[in-house]
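Worksheet: one structure, shown below.
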Ligand code: MN
């Protein structure tokens, strides 16, 4: 496990490094620009690739996950994830995706997510980056029942009442450039407490000017936040980095 270095100039709290066409180029850029990156994975069986990248890069923090949309095809890998969480301080991508209206699929997602949250809680807490599309109410209920450590709501898009509930529960929020460009995203960002805000790329899935977004390009969120918060970009990045250090410590101290 790499120690968290205090020198980083950026934060990307949710990036799928392993899904870029050239992950090694992304990893090199993260190192060069010193961007603390939570490298999420979508299935336990592919975790070793990202864990390997993190071994050689102190700014990459490998997260073990099982994406809710892959529960149907990869749910059998849950026992592997339960083992990986013992060692991994970061967990994700996990959560619920209720775009599916299939009741059984939703139940299966809840079973997996519930077990992951409980595992994190039993092991003293983890940093968990969480998907909550069309399911934020249920996700927050499950977080409040288990207390998994430091939950980060990635690309939060739920109703305002759920945002307020998330704040009460001490959740963190990672904001990507697509959110800063949508009206609904902007309204939610305005209500997020700045001591709980992080920046994310969700690369390579977010597009920026026709290209895959990268951890470096995602730092543009800082310009938007500077305008909203009425402070300099440097102050924004300092706040976001302090937030990252804080949430990382919370899981190791608990
Ligand atoms: Mn993602």
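In the numbering used here, the protein residues as written are -7 to 246.
Glycine included, C-beta positions come from ideal geometry on N, C-alpha and C.
If you're wondering where the values come from, they're calculated on a predicted model, not measured in any experiment.
- Taking the Cα positions, residue 99 is about 38 angstroms away from residue 214.
- Cα atoms of residue 74 and residue 107: separation of roughly 8 angstroms, rounded to the nearest angstrom.
- As computed with DSSP, residue 29 is found in a beta bridge with 4, 52.
- Between the alpha carbons of residue 171 and residue 217 lies a distance of about 12 angstroms.
- DSSP lists no beta-bridge partner residue for residue 221.
- Counting C-beta atoms within 10 angstroms of its own C-beta, residue 192 has 16 or more neighbours from the protein chains shown and is therefore classed as buried.
- Taking C-alpha positions only, residue 229 is separated from residue 96 by approximately 43 angstroms.
- With fewer than 16 other Cβ atoms inside 10 Å of its own Cβ, residue 175 counts as exposed.
- Excluding residues up to 5 positions away in sequence, 31, 33, 39, 42, 43, 45, 46, 80, 82 lie with their Cβ nearer than 8 angstroms to the Cβ of residue 54 in the same chain.
- In the assembly as shown, residue 235 is a buried residue. Its beta-carbon has 16 or more other beta-carbons within 10 Å.
- Under DSSP, the beta-bridge partners assigned to residue 190 are 166.
- With distances taken between CA atoms, residue 173 lies nearest to 201 out of 190, 201, 159.
- Separation of the CB atoms of residue 205 and residue 169 is rounded to 6 angstroms, and the pair is thereby assigned contact status at 8 angstroms.
- Around the Cβ of residue 78, a 10 Å sphere holds fewer than 16 other Cβ atoms; the residue is exposed.
- Assignment of beta-bridge partners to residue 118 by DSSP yields 141.
- The Cβ atoms of residue 69 and residue 37 sit closer than 9 angstroms to each other.
- Contact check for residue 158 against residue 138 fails: the beta carbons are separated by 9 angstroms or more.
- Between residue 63 and residue 104 the beta-carbon gap is near 5 angstroms, inside 8 angstroms, which marks them as a contact.
- Less than 9 angstroms separates the beta-carbon of residue 146 from that of residue 5.
- In the DSSP assignment, residue 87 falls within the beta strand (DSSP E) that extends over 82 to 87.
- The beta carbon of residue 19 lies closer than 7 angstroms to those of 9, 45, 49, 52 in the same chain, with the five residues before and after it left out.
- Residue burial annotation: residue 57 is buried, with at least 16 other C-beta atoms found within 10 angstroms of its C-beta.
- Taking all protein chains shown into account, residue 86 has 16 or more neighbouring C-beta atoms within 10 Å of its C-beta and is therefore buried.
- Straight across, the Cα-Cα distance linking residue 111 with residue 28 is about 25 angstroms.
- Rounded to the nearest whole angstrom, the C-alpha separation of residue 129 and residue 154 is 6 angstroms.
- When distances are taken from the beta-carbon of residue 32 to the heavy atoms of the ligand MN, the shortest one is below 8 angstroms.
- When C-alpha distances from residue 24 are compared across 208, 223, 220, the shortest belongs to 208.
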